[in-house]
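Written out below as structure tokens is the structure these notes cover.
Residue numbers (my numbering): 51 to 317.
Set out below in structure tokens:
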């Protein structure tokens, strides 16, 4: 459990300005410097190295100290990657490990300054959480990305982010079964837990500012072995239970009693 002196306001503002400048430059170099009119015109493979560089740089500027157990599967075959969802930090964390992938995200992210454009560039599918039609369209888009575009996809089956894990929805697992796509789960964890989590009434700018105050953020990522989905509901539950148990164990290793207790602490 992290307990340390926070960085000054000046240091936070300076770091935030550097992050915005770095991200803006990368987006400009990918789009305007190349004379492209829309993110869909970008070659996903051509931007993978810059994606890794940007992700590693962002995590470093946020003072994230990364610990990875296991590794993503190395194959030319597309894979459905799934994990618990805690924060916007999950995105650069995943991209630092699996650069040639796309995401599914809530529709509002598309309109975030800078972040929204970056999400489009990496091929994010934006969904409305409350729309049945949108969820069906998302399922179709996931299948098309995996099969027609031959690209891996990262899914957060909880459908929302936070310190306490929620049960996983099985829709994306059904897609993997239908198209015979391997699924690899991962467990994410952060310390300090609640300050890193983006949830409830958190606002993006205020959350980033507060998080930049911590001199160190411990980040842990553990990979499960890839599996083929045989029974959609049973296999979804098995992977969820593995992720949940691993998450609770990691928090206890860091000194928390549980994720529910961690959700109440602001060190």
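Here a beta-carbon is modelled for each residue, glycine too, at the ideal position from N, C-alpha and C.
*Could you check if residue 217 is buried or exposed, using at least 16 other CB atoms within 10 Å of its CB as the buried criterion?*
exposed
*Measuring CA to CA, which of 292, 178, 193 and 61 is closest to residue 231?*
193
*Write down the C-beta distance between residue 135 and residue 211 rounded to the nearest angstrom, noting that I regard them as a contact closer than 8 Å.*
4 Å
_Using the Cβ count rule (16 or more neighbours within 10 Å means buried), how would you classify residue 161?_
Classification for residue 161: exposed.
*Output yes or no for whether 9 Å exceeds the beta carbon distance between residue 145 and residue 270.*
no
*Residues in its own chain within less than 6 Å of residue 118 by CB, not counting five upstream and five downstream?*
271
*Just how far apart, CA to CA, sit residue 303 and residue 101?*
31 Å
*Per DSSP, what kind of secondary structure is residue 222 in: helix, strand or coil?*
helix
*Residue range of the alpha helix (DSSP H) that includes residue 309*: First-last of the alpha helix (DSSP H) with residue 309: 309–312.
*Using only alpha-carbon positions, find the residue among 174, 126 and 201 that is nearest to residue 155.*
174
*Using three-state DSSP, classify residue 271 as helix, strand or coil.*
strand
_What does the Cβ neighbour count give for residue 316, buried or exposed, with the cut at 16 atoms within 10 Å?_
exposed
*Whole angstroms is fine: what's the gap from residue 295's alpha carbon to residue 110's?*
28 Å
*Tell me which same chain residues have a C-beta within less than 6 Å of the C-beta of residue 147, skipping the five on either side of it?*
122
*With a 10 Å radius around its C-beta and 16 neighbouring C-beta atoms as the bar for buried, classify residue 149 as buried or exposed.*
So residue 149 counts as buried.
*Starting from residue 300, follow the beta strand (DSSP E) in both directions and report where the run begins and ends.*
That residue, residue 300, is in no beta strand (DSSP E); its alpha helix (DSSP H) goes 282–303.
*Let me know if residue 11 comes out buried or exposed under the rule of 16 or more other beta-carbons within 10 Å of its beta-carbon.*
This structure does not reach residue 11, given that the chain is present from 51 up to 317, and the question cannot be answered.
*Simplified DSSP assignment, three categories, for residue 161*: helix
*Note down, in chain order, each residue of its chain lying with its Cβ closer than 7 Å to the Cβ of residue 326, except the 5 sequence neighbours on either side.*
An answer regarding residue 326 cannot be provided, because it is not within the stretch 51 to 317 covered by the chain.
_Considering only DSSP beta bridges, list what residue 114 is partnered with._
267
*Around the Cβ of residue 281, are there at least 16 other Cβ atoms within 10 angstroms (buried) or fewer (exposed)?*
exposed
*asked:* Let me check one thing: in DSSP terms, what residues is residue 243 bridge-paired to?
replied: None; residue 243 has no bridge partner.
*Using alpha carbons as the reference points, say which of 274, 276 and 245 lies closest to residue 266.*
245
*Closest by CA to residue 124, which one among 250, 252 and 202?*
When each option's Cα is compared against that of residue 124, the closest is 202.
*Would you say residue 289 and residue 225 are within 9 Å of each other, going by their C-beta atoms?*
no
*In this structure, does DSSP put residue 254 in helix, strand or coil?*
Three-state result, residue 254: helix.
*What residue range is occupied by the uninterrupted alpha helix (DSSP H) comprising residue 141?*
It spans 140–147 - the alpha helix (DSSP H) in which residue 141 sits, taken as one unbroken run.
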